[in-house]
Amino acid sequence: MTLTLFEAIVFGIVQGLTEFLPVSSTAHIVITQLVFGYTFPGLSFEIFLHIASVLAVMMYFWKDLWSVIKGFVLFILHRSKEHRTQFFFGVYILIATAITGGLGVMLNDFFGDAFKTPAVIAGALTITGLSLIFIERFHQYGQRKEEDMSVKDSIIVGLGQTLAVVPGISRSGATLVVALLAGLDRETAVRYSFLLSIPVILGSTVLAVGDFTADMVNHIGILNLFVSFIVTFIFSVIGIIWLISFLKKSRLIYFAIYCFVIAALVLLFIDPSTVMDV
1 MTLTLFEAIV
11 FGIVQGLTEF
21 LPVSSTAHIV
31 ITQLVFGYTF
41 PGLSFEIFLH
51 IASVLAVMMY
61 FWKDLWSVIK
71 GFVLFILHRS
81 KEHRTQFFFG
91 VYILIATAIT
101 GGLGVMLNDF
111 FGDAFKTPAV
121 IAGALTITGL
131 SLIFIERFHQ
141 YGQRKEEDMS
151 VKDSIIVGLG
161 QTLAVVPGIS
171 RSGATLVVAL
181 LAGLDRETAV
191 RYSFLLSIPV
201 ILGSTVLAVG
211 DFTADMVNHI
221 GILNLFVSFI
231 VTFIFSVIGI
241 IWLISFLKKS
251 RLIYFAIYCF
261 VIAALVLLFI
271 DPSTVMDV
């Protein structure tokens, strides 16, 4: 079955909007495939769209990214105190990424398609929703900033991010929740979560580079690939701006309600027999 231009646009919108909102982009991509009855050849197309999302993050947070990279390098070269915080912030990003990468590959290899069932997706979305409600309504936000972070924080966030290997567990939601639970203030938690997405997505791209073949391009179509990439980039930027705006107003509960609704729809309308083919 060949991907149509309309479907390519829809996949781009879905990936872009859900990648950084705490609603699980993986679950939405799986659900969208099931709705269209479409099966991608491997993970190449999904990873391709993720590249557009990570470019959006790098563009939006370029000052923060450059500050961390510059501070990391200058501290190694000169051991200057003014760059110490950014150096260790970069180290904490690398530690969390290493934990996520190692455990994520192990979990994905062990469980594989067992994750892609309506029950698992709905259950994971429900857990995501409950976590968002808890962190907003029942947990007092911390006051710790970048200079107060420790290796323990990076380990906790890395473990939380690993849970996103399960469709329905949001990567951005998991990292935000565990970072806030660890006592980081909201601004630091958000910045850490977004910058963490860069090495994680780029790492996934490297692992999936073998899937980028001429057959994949022909199967999806060059025009469809180009359009879906641009659409994903645009809606990723929209998603980033939208999430930051919501977090300033502390309205995570709306995302939680959305997760509950999608979980119910998955259980009611998705045929379990179609999932293992995705």
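Position 100, counted from 1, in the sequence shown is what UniProt numbering calls 100; the numbers after and before it change by one each time, with no gaps. Glycine included, C-beta positions come from ideal geometry on N, C-alpha and C.
On a Cα-Cα basis, can you pick out the residue from 129, 140 and 190 that is closest to residue 157? Position 157 of the sequence shown, counting from 1, holds the residue named residue 157. Among 129, 140 and 190, the Cα nearest to that of residue 157 is on 190.
Same chain, Cβ closer than 8 Å to residue 132, five either side skipped, listed in chain order: Locating residue 132 in the sequence shown gives position 132, counting from the first residue. Answer for residue 132: 22, 173, 177, 252, 253, 255, 256 and 259, listed in chain order.
I need the straight-line Cα distance from residue 182 to residue 232, nearest angstrom please. If you number the sequence shown from 1, residue 182 lands on position 182. If you number the sequence shown from 1, residue 232 lands on position 232. Those two C-alpha atoms are separated by around 32 Å.
Roughly how far, in whole angstroms, is the beta-carbon of residue 24 from the beta-carbon of residue 32, given that I think they are within contact range, below 8 Å? Taking the sequence shown and counting its residues from 1, one reaches residue 24 at position 24. Taking the sequence shown and counting its residues from 1, one reaches residue 32 at position 32. That pair is no contact at about 12 Å.
Less than 7 Å between the C-beta atoms of residue 201 and residue 30, yes or no? Working through the sequence shown from its first residue, we reach residue 201 at position 201. Working through the sequence shown from its first residue, we reach residue 30 at position 30. Taking 7 Å as the Cβ cut-off, residue 201 and residue 30 do not qualify as a contacting pair.
Under a Cβ-count criterion, where at least 16 other Cβ atoms within 10 Å of its own Cβ denotes burial, should residue 141 be classed as buried or exposed? By 1-based counting over the sequence shown, the position of residue 141 is 141. So residue 141 counts as exposed.
Given that a residue counts as buried once 16 or more other Cβ atoms are within 10 Å of its Cβ, and exposed if not, what is residue 6? Against the sequence shown, residue 6 aligns to sequence position 6. The residue is exposed, with fewer than 16 neighbouring Cβ atoms inside 10 Å.
Give a yes or no on whether the C-beta atoms belonging to residue 56 and residue 236 are separated by under 7 Å. Position 56 of the sequence shown holds residue 56. Position 236 of the sequence shown holds residue 236. Yes, these two residues count as a Cβ contact at 7 Å.
Here's a check: name, in chain order, each residue in its chain whose Cβ is nearer than 8 Å to the Cβ of residue 9, leaving out the five neighbours to either side. Here residue 9 refers to the residue found at position 9 when the sequence shown is read from its first residue. Answer for residue 9: 227, 228 and 231, listed in chain order.
Residue 97 to residue 217 span [Cα, whole Å]: For the purposes of this step, residue 97 is taken as residue 97 along the sequence shown, with counting starting at 1. For the purposes of this step, residue 217 is taken as residue 217 along the sequence shown, with counting starting at 1. Rounded to the nearest angstrom, the two C-alpha atoms are 29 Å apart.
Measure the C-alpha to C-alpha separation of residue 28 and residue 77 and round it to an integer number of angstroms. As a first step, residue 28 is located in the sequence shown; it is residue number 28 there, counting from the start. As a first step, residue 77 is located in the sequence shown; it is residue number 77 there, counting from the start. Going from the Cα of residue 28 to the Cα of residue 77 covers about 44 Å.
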